[in-house]
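A.B. asks: Chains as they are written, first to last, in this note's numbering: chain A, 10 to 448; chain B, 26 to 336; chain C, 1107 to 1420.
For each residue, glycine too, the CB sits at the ideal point set by N, CA and C.
Here it is, the structure, as structure tokens.
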Amino acid sequence: MTHALSPSRRQMLAAGFGSVVLPGTLSAQAPAQRPTELRIGVTTFLSGPASVFGVPGRQAAEMLAEEINREGGIGGVPIRLFFVDEAPGIDHLVGEFRRLVQNERVDVMFASISSGSCLACTPLAEELRKVTLLWDCGTQRIFEERRYQYAFRTQANATPEILAPLLYLMKTRPDFRTIAVLNQDYAWGRDSWEIWKTAMDVLKPGTRVVAELFPRFGATDFSAEVTRLLALRPDVILSTSWGGELDTFIRQANERRLFERSTFVLPLAESSLERVGRTLPAGHIVGSRGDHWHQHPRPANPQALQRFVEGFRRRTNAYPIYPAYHMAQAFSALRAAYARALQGGAAWPSDAQLAAAFNGLEFDSPTARMRIREDGQGLEPQLIGTTAHTDRFPFPVLDNMVIFPPELVTTPVGQNSVAWLRTLTPEILARVPDAIRAG
Amino acid sequence: MGGWFQDNGPLLGLALLDGIASAALIFMVAVGLNLVFGVLRVLNVAHGSLFAIGAYAAASVGVFAASAGLPAWASLPALLLAAILVGLVLGPLVERLLLRRIYDEEPVLQLLVTFALFMILEDAQKLIWGVQPVSFSTPVSLLGTVDVPFGADVIPYNTYQVILLPLVAVATLAGLALFLRRTLTGRVIVAVTTDREAATAMGIDARRVFLLTFTFGAMLAALGGALSAPTTSLVPGIGASTIVLSFAVVATAGLGQIEGAALTALMIGIGRSVAVTFAPELEVVVPYMIMVLVLLVRPQGLFGVVETRRI
Amino acid sequence: MTLPRMEALLGLLVAALLVLAALSTPWMKFVLTIALAKGIAVLGILLLLRAGQVSFGHALYVAIGAYSVAFLAPSIPDAALLLPAAALVATLAGALIGLFVSRYREIFFGMLNLALSMVFYSMLEKFYHLTKGTDGIRVPPLTAAGMTLDRVTFEWTVFATALVLALAFGAFARAYLLSPMGEALGAIKTRETRLEFMGVSPRRVLLSAYILSAMMAGCAGALVAMTTRHVTPLLSYWTASGELVFIAILGGAGGVLGPFLGAIAYELVRVYAAATVADMWQMILGAVLLLVILFARGGIWGLLSARAGKGAGA
């Protein structure tokens, strides 16, 4: 068995895994050669309940990659995608992250839908010195707790995504006195409620919280919760749930006429509209984790939005939901960053040079012009509306839309969200833009 | 204490109603698992997958029936039909191709065969039905709601959940009890459950009983799924959370005990809905706490029979 | 060559191969560290399997070990202290729970373990303010015996620790199984009452194996936490326990090398499946498991020792 010790066997071992053994000493600063392909690692949910977001994200990524490659790639280099499933757990994910960076030698990572995945991957990206775009996860903690050189977020975070619907509620239904919350029992559900409650306590002190319900993540039945909410009759019911759980909650609430008793605020319901259809009655507040809406009233580039929406529909037979738009933002930012780094005929950027190009970068989303702040956080507008039923669509559409400018609702650089929310005053309501009627 | 009941009595009543509705579904899934375990002595992890496939199939058949222009009432028989089909196709297939080969093996191997099957079916579901939530709530809207008085207020409940589901569960329980006690096949099944060696020695064809029981168990799992389909949105992963709850029911109930499964399901269902009303933090651990408490007092489960020890 | 001696030599050979493979790519070192850690946990399962008892909840102790590291790391950020601390916590938990579950056999034993691990899982999710819920806790960079190491050296240190622990636990488990305690374990599976006739308490025999297995799983959890540097409740979900039993069968329950061979094969199949078909890795793993059970019941170790047996006979 002595031949087992020879290097050829070693190489076979690694080559068996579809890659080449390369010296582990390539540093982030070393000047880079223009590669033959631009490799992008994408972590997303391909199984489990969160695949309702992960798979549309993947479909959008594949569509965009094809589009970019048809146009000659990024900086003349065609792109190739490597997908990783987030569902098997973080220990598996960080291993896969390493595999993509160290073995597949990806040039850039798009990390994670789950906040937990992002919290684990971002420090790892920093240690491995690999440019990582946080393409969808919501946690605001990332850039508030630490500075990163290689990680950037190409969308907003939980704070604006929750503050905007609260401001919308206060503007459109100012006289609510009681509220109940039903969120999934995990970080997003807990954190989003903390953000809402902190802001509500300073903007509308004295509002009574009559129930805080955190059913198990992945619960399939909310009958007991609906009963409790029916009995309590709160003015407002907040739920930041999503996916199958939100669908079930909406359906059970509708069947048992809970929508007649309370106004619902559903900051993520844009992603459920097409599925729940008219089960969701008119007159309830819906958000989309950004300004993502295929009937956006004032898109920055109407043709681009339409092309994206139609392309996605052709491919998947469904309207794009927010993770699809988030994926488009990540691609757009990446293109803009390479364009910036290659400006004036510069050589192909190293990891560090590419990272530098993201600071203060401006890029287009299908609906707006976006910017990445100096702390890595993206500035993204928030679109909130009220459901309405029309003959044009078999599902509710948004009406009375307010597009919140990111500066109004995003925590300033270097501040902690909860601390910043405590400094808000009701005066902020005066700065909320006017509602736009659906056209 | 009396004062507490005065204040919270009506709430407790509502919680009981919710508990009974959810107990009905828990029972439907767990009883099939328990029956299969009692007879085959195989703890079928893939039972959860059969539940999920039954649910998805029911939703597909229901949606198809609706698009084919069938009247809304047809959705109820459609659910049943889907469940029976799933059981009839998958049950024998799994028993013949996989389980039959491992009856004489160690329990751990039997368990793992069904675990492997579970893993395969999890991904297979995704290939067939995709990952977007699937739903089919026609039966629920068809049956409408019943208003339950609550002080001066009324609380609307789904007729489907608080009346139909418990009725189906009770009918299943009664039907199973009659079948096992009054029919020849049923008695044969009981005989194999109680003492496999003796039953085989007396000329009972255990293999036929296994095939029959497993198919029946698969049908019950699928029926549980089909019945739950109208009340929820089907997403990848529902099988995994269903099975672990059913395990708790089976161990608490006592192996092969259908009445035990009914009582346990009722305890878990009501325990959880009472928890949601009065102590929401405890809801998730209720099934396991009940199980641990019962097993502390009765190591063979609620209705379990103490087996004579092997010498 | 006798089988035990072959086992020892083969163990050293596998260890050498692992070092080479870990040298080949940095990512391989990561995968193999996890595999070694899981192998150590599975070694504990193997002890229980010898008594015919399957714990469908041993991920509980892996999670306890991992969370001990995560909770203690801010106050004692040193791997050399955290590892024994985690093992101690897991051992204590194992002793406490073992007193309860060692009264039960077969399905009740399996299900009780499952239930307790699910209770722990639910608590990790529920006590959000303590555990950060499903997001999990990140483990900060650690020192090793007082030394501040850079990332790569630290990774090598954990890998080496895992390897040494694997060899030590493997040797210990083999001696244990050959000792009277090990024989008594086997007797629980075949004729438990006979033990009682002989004045041996089967419960005590099972309990001691259970505590040992909890300690091994706790060490495994600590190693996992130091390698992935992030712990989540999923570590104690029932599928994670199923995975450990899966590895035990894949590797083969016949010898102490089995768990490690199984864990390495499992991790490699898993990452390879995930790399080629990211959304169907479960199906591939399931198919592998089915094939092993149906056609190679002794697992990898069974295949190897059968071949060795033939070689010796010829």
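Have a look at ILE204(A), TRP205(A), ARG199(A) and THR229(A) and flag the residue whose alpha-carbon is nearest the alpha-carbon of LEU222(A).
C.D. replies: In the first sequence, the residue the question calls residue 222(A) occupies position 213. LEU222(A) has its Cα closest to that of ARG199(A), out of ILE204(A), TRP205(A), ARG199(A) and THR229(A).
A.B. asks: How is the alpha helix (DSSP H) around PHE1401(C) delimited, first residue to last?
C.D. replies: The sequence position of residue 1401(C) within the third sequence is 295, counting from 1. 1387–1401 is the span of the alpha helix (DSSP H), which, as asked, contains PHE1401(C).
A.B. asks: How many angstroms separate the CA atom of LEU198(B) from the CA atom of ARG446(A)?
C.D. replies: Taking the first residue of the second sequence as 1, we reach residue 198(B) at position 173. Taking the first residue of the first sequence as 1, we reach residue 446(A) at position 437. Taking the straight line from one Cα to the other gives about 56 Å.
A.B. asks: Using a C-beta to C-beta distance shorter than 7 Å, which residues of chain A count as neighbours of TRP1133(C)?
C.D. replies: Within the third sequence, the letter at position 27 stands for residue 1133(C). Within chain A, the C-beta atoms nearer than 7 Å to that of TRP1133(C) come from ARG107, ARG108, GLN111 and ASN112, in chain order.
A.B. asks: Would LYS1144(C) pass as an interface residue toward chain A - the criterion being a Cβ-Cβ separation below 8 Å?
C.D. replies: The sequence position of residue 1144(C) within the third sequence is 38, counting from 1. By this cut-off, LYS1144(C) is not an interface position.
A.B. asks: What does the Cβ neighbour count give for LEU321(B), buried or exposed, with the cut at 16 atoms within 10 Å?
C.D. replies: Sequence index remark: in the second sequence, residue 321(B) carries index 296 (1-based). Looking at its Cβ environment, which holds fewer than 16 other Cβ atoms inside 10 Å, LEU321(B) is exposed.
A.B. asks: For the stretch 252–270 of chain B, list every residue whose C-beta sits within 8 Å of some C-beta in chain C, in sequence order.
C.D. replies: Cβ contacts with chain C: ALA265 and VAL269.
A.B. asks: Is GLN391(A) helix, strand or coil by DSSP?
C.D. replies: Taking the first residue of the first sequence as 1, we reach residue 391(A) at position 382. Secondary structure at GLN391(A): strand, using DSSP grouped into helix, strand and coil.
A.B. asks: With a cut-off of 8 Å on the beta carbons, I'd call ASP194(A) and PHE226(A) a contact; round off their distance for me.
C.D. replies: One-based indexing of the first sequence puts residue 194(A) at position 185. One-based indexing of the first sequence puts residue 226(A) at position 217. That pair is a contact at about 5 Å.
A.B. asks: Going by the beta-carbon positions, is the gap between SER1285(C) and PHE1215(C) smaller than 8 Å?
C.D. replies: What you label residue 1285(C) is simply residue 179 of the third sequence in a count that begins at 1. What you label residue 1215(C) is simply residue 109 of the third sequence in a count that begins at 1. It is not a contact, given that the beta carbons lie outside the stated cut-off.
A.B. asks: Between GLN158(A), ARG270(A) and THR396(A), which lies nearest to ASN368(A) when the distance is taken from Cα to Cα?
C.D. replies: Mapped onto the first sequence, residue 368(A) falls at position 359. Per the Cα distances, GLN158(A).
A.B. asks: Given 8 Å as the limit, is there contact between the stretch 83–99 of chain A and the stretch 342–361 of chain A, that is, 3 or more CB pairs closer than that?
C.D. replies: They touch, by the three-pair rule.
A.B. asks: Cβ of GLY63(B) within 8 Å of Cβ of THR240(B)?
C.D. replies: Start at 1 with the first residue of the second sequence, and residue 63(B) comes out as number 38. Start at 1 with the first residue of the second sequence, and residue 240(B) comes out as number 215. No. Outside cutoff.
A.B. asks: On the DSSP letters alone, give me the boundaries of the alpha helix (DSSP H) that GLU1298(C) sits inside.
C.D. replies: Here residue 1298(C) corresponds to residue number 192 of the third sequence, with the count starting at 1. Where GLU1298(C) is concerned, the enclosing alpha helix (DSSP H) stretches over 1298–1303.
A.B. asks: Which complete beta strand (DSSP E) runs does the stretch 170–242 of chain A hold, if anything under 3 residues is left out?
C.D. replies: 187–191 and 217–222
A.B. asks: Considering only the beta carbon of each residue, do GLY1163(C) and LEU1220(C) sit closer than 8 Å?
C.D. replies: Position 57 of the third sequence, counting from 1, holds the residue named residue 1163(C). Position 114 of the third sequence, counting from 1, holds the residue named residue 1220(C). Closer than 8 Å, so yes.
A.B. asks: Bridge partners of PRO1308(C), per DSSP?
C.D. replies: By one-based count along the third sequence, residue 1308(C) stands at place 202. None; PRO1308(C) has no bridge partner.
A.B. asks: Flag TYR313(B) as yes if its beta-carbon sits less than 8 Å from any beta-carbon of chain C, otherwise no.
C.D. replies: Here residue 313(B) refers to the residue found at position 288 when the second sequence is read from its first residue. Yes, TYR313(B) counts as interfacial toward chain C.
A.B. asks: Residues of chain A with a CB under 9 Å from the CB of TRP1407(C): which are they?
C.D. replies: Locating residue 1407(C) in the third sequence gives position 301, counting from the first residue. In chain order: nothing, as chain A lies at least about 18 Å away.
A.B. asks: Report all residues from its chain with a CB closer than 7 Å to the CB of ALA397(A); omit the five preceding and five following residues, and keep chain order.
C.D. replies: Numbered from 1 along the first sequence, position 388 holds the residue referred to as residue 397(A). So the qualifying residues of the chain are ALA291, PRO405, VAL406, ASP408 and ALA447.
A.B. asks: Run down chain C in chain order and give the residues with a C-beta less than 8 Å from the C-beta of PHE328(B).
C.D. replies: Translated into positions along the second sequence, residue 328(B) becomes position 303. Chain C residues near PHE328(B): none, gap ~14 Å exceeds 8 Å.
A.B. asks: Does VAL301(B) pass the burial test, meaning 16 or more other C-beta atoms within 10 Å, or should it be called exposed?
C.D. replies: Here the question's residue 301(B) lines up with position 276 in the second sequence. Buried, because 16 or more other Cβ atoms sit within 10 Å of the Cβ of VAL301(B).
A.B. asks: Please classify ALA1192(C) as buried or exposed, where buried requires at least 16 neighbouring CB atoms within 10 angstroms.
C.D. replies: Translated into positions along the third sequence, residue 1192(C) becomes position 86. Burial call: buried.
A.B. asks: Among ARG431(A), ASN112(A), GLU416(A) and ASP373(A), which has the Cα closest to the Cα of VAL211(A)?
C.D. replies: For the purposes of this step, residue 211(A) is taken as residue 202 along the first sequence, with counting starting at 1. For VAL211(A), the nearest C-alpha among the options comes from ARG431(A).
A.B. asks: Against chain A, does GLU1231(C) count as a neighbour if the rule is that its beta carbon must be under 8 Å from one of theirs?
C.D. replies: Your numbering for residue 1231(C) matches position 125 in the third sequence. True, the Cβ-Cβ gap to chain A drops below 8 Å.
A.B. asks: Determine the contact status of ALA251(B) and ALA149(B), defining contact as a CB-CB distance below 8 Å.
C.D. replies: Locating residue 251(B) in the second sequence gives position 226, counting from the first residue. Locating residue 149(B) in the second sequence gives position 124, counting from the first residue. Result no, Cβ atoms of ALA251(B) and ALA149(B) do not sit closer than 8 Å.
A.B. asks: For LYS180(A) versus VAL427(A), is the C-beta spacing smaller than 8 Å?
C.D. replies: Taking the first residue of the first sequence as 1, we reach residue 180(A) at position 171. Taking the first residue of the first sequence as 1, we reach residue 427(A) at position 418. Not a contact, by the Cβ cut-off of 8 Å.
A.B. asks: What residue range is occupied by the uninterrupted beta strand (DSSP E) comprising PHE91(A)?
C.D. replies: Against the first sequence, residue 91(A) aligns to sequence position 82. Per DSSP, PHE91(A) belongs to the beta strand (DSSP E) from 88–94.
A.B. asks: Along chain B, in chain order, which residues have C-beta atoms closer than 7 Å to that of ASP230(A)?
C.D. replies: The residue you call residue 230(A) lines up with position 221 of the first sequence. SER47, THR256 and THR257, listed in chain order.
A.B. asks: Once DSSP output is grouped into helix, strand and coil, what is the label at ILE246(A)?
C.D. replies: Along the first sequence, one-based indexing puts residue 246(A) at 237. If DSSP states are grouped into helix, strand and coil, ILE246(A) belongs with the strands.
A.B. asks: Using a Cβ-Cβ cutoff of less than 6 Å, which residues in the same chain neighbour SER36(A) once the five nearest sequence positions on both sides are dropped?
C.D. replies: Against the first sequence, residue 36(A) aligns to sequence position 27. Residue confidence is low: SER36(A) scores 45 on pLDDT, short of 50, so the model does not pin down where it sits. Its coordinate-derived value is still stated next. Excluding positions up to five away in sequence, the list is empty.
A.B. asks: Taking the alpha-carbon of GLU5(A) as reference, which of PHE317(A), THR419(A), ILE294(A) and GLY354(A) has the nearest alpha-carbon?
C.D. replies: No answer is possible for residue 5(A): it lies beyond the span of chain A, which begins at 10 and ends at 448.
A.B. asks: At a Cβ cut of 8 Å, what residues of the stretch 175–194 of chain B count as close to chain A, listed as they run along the chain?
C.D. replies: PHE175, ASP178, ILE180, PRO181, TYR182, ASN183 and GLN186
A.B. asks: Would you say PRO96(B) faces chain A, with C-beta separation under 8 Å as the test?
C.D. replies: Taking the first residue of the second sequence as 1, we reach residue 96(B) at position 71. For PRO96(B), the answer is no, since every Cβ of chain A falls outside 8 Å of its Cβ.
A.B. asks: Which residue comes first and which comes last in the alpha helix (DSSP H) that contains PHE317(A)?
C.D. replies: Here the question's residue 317(A) lines up with position 308 in the first sequence. It spans 311–325 - the alpha helix (DSSP H) in which PHE317(A) sits, taken as one unbroken run.
A.B. asks: Between the alpha carbons of VAL179(B) and PHE30(B), how many angstroms are there, rounded?
C.D. replies: Position 154 of the second sequence, counted from the first residue, corresponds to residue 179(B). Position 5 of the second sequence, counted from the first residue, corresponds to residue 30(B). So the two alpha carbons sit approximately 20 Å from each other.
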